[in-house]
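*Asks:*
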Amino acid sequence: MSIMTPLRKSVLYHHFLRPASSQFGGRLHENFSTQFHRTRSFCGGRRELDHEFVNTQVFKTGFCGPFGYKFTQKRSFSDPRSSSSSVQSSQPIDAGSSIRKPISLWPGMYHSPVTNALWEARSMMFEKPGDRPSDSVSQSELVAKSPSKSRTSILYKFSSDYILKEQYRNPWNEIRMGKLLEDLDALAGTITYKHCCNDDGATRPLLLVTASVDRMVMKKPILVNTDLEIAGAVTWVGRSSMEIQLEVTQSSQERKKNCFPDTPEPSESVALVANFTFVARDAKTGKSAPVNQILPETEQEKLLWEEAEERNKMRKRNKAEKQMNIDNGDKERLNALLAEGRIFCDMPALADRDSILIQDTSHGNSLICQPQQRNIHGRIFGGFLMRKAFELAFSTAYAFAGAAPRFIEVDHVDFFRPVDVGNFLRFKSCVLYTERENPARPLINVEVIAHVTRPELRTSEVSNKFYFTFTIRPEAMKDGFSIRNVVPATELEAKRVLERMDAESSQLAKP
0 MSIMTPLRKS VLYHHFLRPA SSQFGGRLHE NFSTQFHRTR SFCGGRRELD
50 HEFVNTQVFK TGFCGPFGYK FTQKRSFSDP RSSSSSVQSS QPIDAGSSIR
100 KPISLWPGMY HSPVTNALWE ARSMMFEKPG DRPSDSVSQS ELVAKSPSKS
150 RTSILYKFSS DYILKEQYRN PWNEIRMGKL LEDLDALAGT ITYKHCCNDD
200 GATRPLLLVT ASVDRMVMKK PILVNTDLEI AGAVTWVGRS SMEIQLEVTQ
250 SSQERKKNCF PDTPEPSESV ALVANFTFVA RDAKTGKSAP VNQILPETEQ
300 EKLLWEEAEE RNKMRKRNKA EKQMNIDNGD KERLNALLAE GRIFCDMPAL
350 ADRDSILIQD TSHGNSLICQ PQQRNIHGRI FGGFLMRKAF ELAFSTAYAF
400 AGAAPRFIEV DHVDFFRPVD VGNFLRFKSC VLYTERENPA RPLINVEVIA
450 HVTRPELRTS EVSNKFYFTF TIRPEAMKDG FSIRNVVPAT ELEAKRVLER
500 MDAESSQLAK P
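At position 99 of the sequence shown the residue is numbered 98 (numbering that gives the first Met the number 0), and the sequence of numbers has no breaks.
#1: Work out the CA separation of glutamine 244 and isoleucine 153 for me, nearest whole Å.
#2: Quick one: measure Cβ to Cβ for alanine 210 and threonine 276, integer angstroms, because I've assumed they're closer than 8 Å.
#3: Taking the Cβ atom as the reference point for each residue, do alanine 392 and valine 451 lie within a distance shorter than 8 Å?
#4: Helix, strand or coil: which one does DSSP assign to arginine 519?
#5: Take the Cβ of serine 428 as the centre, count every other Cβ of all protein chains shown within 10 Å, and call the residue buried at 16 or more, exposed below.
#6: For alanine 400, which three-state DSSP category applies?
#7: Are the stretch 486–496 and the stretch 327–341 touching by the rule of at least three beta carbon pairs closer than 8 Å?
#8: Do you know whose CA, among Tyr155, Ala282, Asn197 and Asn224, lies nearest lysine 144's CA?
#9: Tell me, please, whether the stretch 379–389 touches the stretch 432–444 by the rule of three or more beta-carbon pairs shorter than 8 Å.
#10: On the three-state DSSP scale, how would you describe phenylalanine 414?
#11: Look at the alpha carbon of phenylalanine 465 and the alpha carbon of lysine 286, and state the distance between them as a whole number of angstroms.
#12: One question on the structure: do aspartate 413 and arginine 214 come within less than 8 Å of each other, judged by their Cβ atoms?
#13: Could you give the C-beta distance for glycine 188 and leucine 206, rounded to a whole number, given that I count them as a contact under 8 Å?
#14: Tell me the rounded alpha-carbon separation between phenylalanine 415 and leucine 356.
#15: Could you check what DSSP says for aspartate 501 in three-state terms: helix, strand or coil?
#16: For the stretch 343–361 against the stretch 471–487, do three or more pairs of beta-carbon atoms, one drawn from each stretch, fall closer than 8 Å, so that the two count as touching?
#17: Taking the alpha carbon of valine 212 as the reference point, which residue from Tyr432, Asp184, Asp345 and Tyr167 has its own alpha carbon closest?
#18: Can you tell me whether aspartate 419 is helix, strand or coil according to DSSP?
#19: In the structure shown, what three-state DSSP assignment does glutamine 244 receive?
#20: Is the beta carbon of methionine 241 sitting closer than 8 Å to the one on valine 272?
#21: Give every residue of the same chain whose Cβ lies closer than 6 Å to the Cβ of threonine 191, excluding the five residues on either side of it in the sequence, and list them in chain order.
#22: As an exercise, report each continuous alpha helix (DSSP H) stretch of at least 4 residues that is fully enclosed by the stretch 136–194, in chain order.
#23: Straight-line CA distance for lysine 100 to aspartate 351?
#24: Suppose contacts are defined by Cβ-Cβ distances below 8 Å. Is threonine 360 in contact with proline 404 by that definition?
#25: Using a threshold of 8 Å, state whether the C-beta atoms of cysteine 368 and leucine 424 are closer than that.
#26: Here's the rule I'm using: 16 or more other beta-carbon atoms within 10 Å means buried, otherwise exposed. How should proline 347 be labelled?
#27: First and last residue of the alpha helix (DSSP H) that includes asparagine 197?
#28: Return the CA-CA distance between glutamate 300 and valine 216, expressed in angstroms with no decimal places.
#29: Let me know the secondary structure DSSP gives phenylalanine 406 once reduced to three states.
#30: Of the choices Asn169, Arg316, Gly377 and Gly421, whose alpha-carbon is the least far from that of proline 454?
#31: If you draw a straight line from the alpha carbon of glutamate 140 to that of glutamine 292, how long is it in whole angstroms?
#32: Would valine 223 and arginine 280 be called neighbours here (beta carbons separated by less than 8 Å)?
#33: So if DSSP puts methionine 217 in a beta bridge, which residue, or which two residues, is it bridged to?
#34: Can you tell which of Ala396, Leu227 and Ser481 has its C-alpha closest to the C-alpha of glutamate 436?
#35: Is the separation between the beta-carbon of valine 430 and that of phenylalanine 399 shorter than 8 Å?
Okay, structure coming up:
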């Protein structure tokens, strides 16, 4: 008696999408090569393998409708041609891709399908930018554009696209926040390109880079089985800088149940609001370049502009106050923070067992920046750096608390200098301080610093600073669970703690 094993499919699959906006292209007709591998196993002391490779065409149809795939079978599974095939005669699986993209789109092929689609749309705005003459002139005439001109949205059909959902699902059936941060950066970049594009093929395009990310607070958990939408537009423009506001929305009947404690009930669907700041550089000289101005039209657009203008002024004030505090030196606050740390250093046997030194919470990660991680400018994609930093911060909070953390907010992200392909990049993380005033919702503040290290030159420079806040999941807070207090051991650590505490206080004071 023979026993048939279930059909086992080995699928090579490339998943691509385009934004829902009709501005980004026409009908899609992309072919992919998919192979299925079937094995029959027989009992009775003898095993015979029957390999059947079936060519299947995958078509993506519809007018820019994301994730609309149609599978068309070229040959029946029961085709007699495969019944006599053997292991020796079977053809090897082709690991290559039949897709041929313009070279400017290659970087996106190694990121999420959303990032790929956004970069493809961005590349279409500047048709073959690499073919423009090197002596093409910079943009001289600036125009005023309304925020609606740059508004872009993208839809994640998690409810109907299983493969997409699996790419974004974490072990707790929520969104992989690191991948979402990567997509947010890509969408913000596409929006800035739309605002700066002047449809003049004679001028060279601007080099637009992420400068910073303001505080973004998670208002409710983002589920991975419900459709998700990200939309945004340019809300404020300076001479060479722009602020882009993005909203992550997700309708859910479980909204009230999933809201964090102590958080005001959010609007019907807004889960997260993010503000990105981009700066423009001349692609040839590297100097700051002027950008198109903004012309708010609706009352909502004017309100967003006023809020962004206030944030910009506050950033400048905070920068000046930070320098003043460094110069003056807050000795009393520093000494208060260092008092407990000195006990750990001088009398460790008598130190508080409910506390731990900052240096004892540290973790790290090192990598060589690969060509597959670059953006369309040939440098390492800022969203990739944010994802790697978030994943390390999450792991740091996990190891510190002894329970799975839940993301609360990105406090701030700074991009000081670009990261190039081939750079030796080191991420160093630590729990900077904790907040235990609310036992039901303790907060873990994690710092991640990225260093570009050049062993040949014996140099190491800070390229990015990231600050994240996590809490502990409610189910883990039972039976008196608590987190430890974190204390600095050096004056430099104490200054970093004070700097972040002051920055958080100023952000909470914003209107």
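Yeah, the Cβ is synthetic: ideal placement off N, Cα and C, and Gly gets one too.
*Replies:* This is what the structure holds:
#1: Here the question's residue 153 lines up with position 154 in the sequence shown. Here the question's residue 244 lines up with position 245 in the sequence shown. Distance between the alpha carbons of isoleucine 153 and glutamine 244: 14 Å.
#2: Locating residue 210 in the sequence shown gives position 211, counting from the first residue. Locating residue 276 in the sequence shown gives position 277, counting from the first residue. The pair is a contact, with the Cβ atoms about 5 Å apart (cut-off 8 Å).
#3: Numbered from 1 along the sequence shown, position 393 holds the residue referred to as residue 392. Numbered from 1 along the sequence shown, position 452 holds the residue referred to as residue 451. No; because the gap between Cβ atoms is not below 8 Å, this pair is not in contact.
#4: Residue 519 cannot be examined here, being either before or after the span of the chain that is shown, 0 to 510.
#5: Residue 428 sits at position 429 when you count from the first residue of the sequence shown. Buried.
#6: Numbered from its first residue, the sequence shown carries residue 400 at position 401. Helix, per DSSP.
#7: Verdict: yes, contact present.
#8: Indexing the sequence shown from 1 puts residue 144 at position 145. Residue Asn197 is the option with its Cα nearest to lysine 144.
#9: Pairwise C-beta distances place the stretch 379–389 out of contact with the stretch 432–444, as fewer than three of them are shorter than 8 Å.
#10: Locating residue 414 in the sequence shown gives position 415, where the first residue counts as 1. Residue state, collapsed to three classes: strand.
#11: As a first step, residue 465 must be located in the sequence shown, where it is residue number 466. As a first step, residue 286 must be located in the sequence shown, where it is residue number 287. Whole-angstrom Cα-Cα distance: 25 Å.
#12: Along the sequence shown, read from residue 1 onward, the residue named residue 413 stands at position 414. Along the sequence shown, read from residue 1 onward, the residue named residue 214 stands at position 215. Going by C-beta atoms, aspartate 413 is not nearer than 8 Å to arginine 214.
#13: For the purposes of this step, residue 188 is taken as the residue at position 189 of the sequence shown. For the purposes of this step, residue 206 is taken as the residue at position 207 of the sequence shown. Wrong, their Cβ atoms sit about 11 Å apart, outside the cutoff.
#14: Indexing the sequence shown from 1 puts residue 415 at position 416. Indexing the sequence shown from 1 puts residue 356 at position 357. When rounded, the distance between both Cα atoms is 28 Å.
#15: Your numbering for residue 501 matches position 502 in the sequence shown. Helix, per DSSP.
#16: yes
#17: To locate residue 212, count along the sequence shown from 1; it is residue 213. Nearest in C-alpha terms to valine 212, of all of Tyr432, Asp184, Asp345 and Tyr167, is Asp184.
#18: Here the question's residue 419 lines up with position 420 in the sequence shown. Looking at aspartate 419 - three-state DSSP - the assignment turns out to be strand.
#19: As a working mapping, residue 244 is identified with position 245 in the sequence shown. Shown here, glutamine 244 sits in a strand according to DSSP, grouped into three states.
#20: Here residue 241 is taken as the residue at index 242 of the sequence shown, counted from 1. Here residue 272 is taken as the residue at index 273 of the sequence shown, counted from 1. No, these two residues do not count as a Cβ contact at 8 Å.
#21: Within the sequence shown, residue 191 is the residue found at index 192, counting from 1. Excluding residues within five positions, the ones whose Cβ falls inside 6 Å are Leu207, Met241 and Phe277.
#22: Scanning the stretch 136–194 from its first residue to its last, the whole alpha helix (DSSP H) runs of 4-plus residues come out as 146–149 and 161–167.
#23: Working through the sequence shown from its first residue, we reach residue 100 at position 101. Working through the sequence shown from its first residue, we reach residue 351 at position 352. Residue placement at lysine 100 is poorly supported in this model, since its pLDDT is 49, which falls under 50; the coordinates are not used for a value here.
#24: Residue 360 sits at position 361 when you count from the first residue of the sequence shown. Residue 404 sits at position 405 when you count from the first residue of the sequence shown. No.
#25: Looking up residue 368 in the sequence shown gives position 369. Looking up residue 424 in the sequence shown gives position 425. Contact flag set, yes.
#26: Here residue 347 refers to the residue found at position 348 of the sequence shown. By the neighbour-count rule (16 or more Cβ atoms within 10 Å), proline 347 is not buried but exposed.
#27: By 1-based counting over the sequence shown, the position of residue 197 is 198. Note, asparagine 197: premise wrong, no alpha helix (DSSP H); not H, not E.
#28: Translated into positions along the sequence shown, residue 300 becomes position 301. Translated into positions along the sequence shown, residue 216 becomes position 217. Within the model, the alpha-carbon separation for glutamate 300 versus valine 216 is close to 21 Å.
#29: Position 407 of the sequence shown holds residue 406. The answer is strand: DSSP assigns phenylalanine 406 an E or B state.
#30: Looking up residue 454 in the sequence shown gives position 455. Nearest of Asn169, Arg316, Gly377 and Gly421 to proline 454, Cα basis: Gly421.
#31: For the purposes of this step, residue 140 is taken as the residue at position 141 of the sequence shown. For the purposes of this step, residue 292 is taken as the residue at position 293 of the sequence shown. Roughly 11 Å between the two C-alpha positions.
#32: Along the sequence shown, read from residue 1 onward, the residue named residue 223 stands at position 224. Along the sequence shown, read from residue 1 onward, the residue named residue 280 stands at position 281. Not a contact, by the Cβ cut-off of 8 Å.
#33: Taking the first residue of the sequence shown as 1, we reach residue 217 at position 218. Answer is Leu271, bridged to methionine 217.
#34: Within the sequence shown, residue 436 is the residue found at index 437, counting from 1. Cα-wise, what sits closest to glutamate 436 is Ser481.
#35: Taking the first residue of the sequence shown as position 1, residue 430 is located at position 431. Taking the first residue of the sequence shown as position 1, residue 399 is located at position 400. Yes, the pair counts as a contact, with Cβ atoms nearer than the cut-off.
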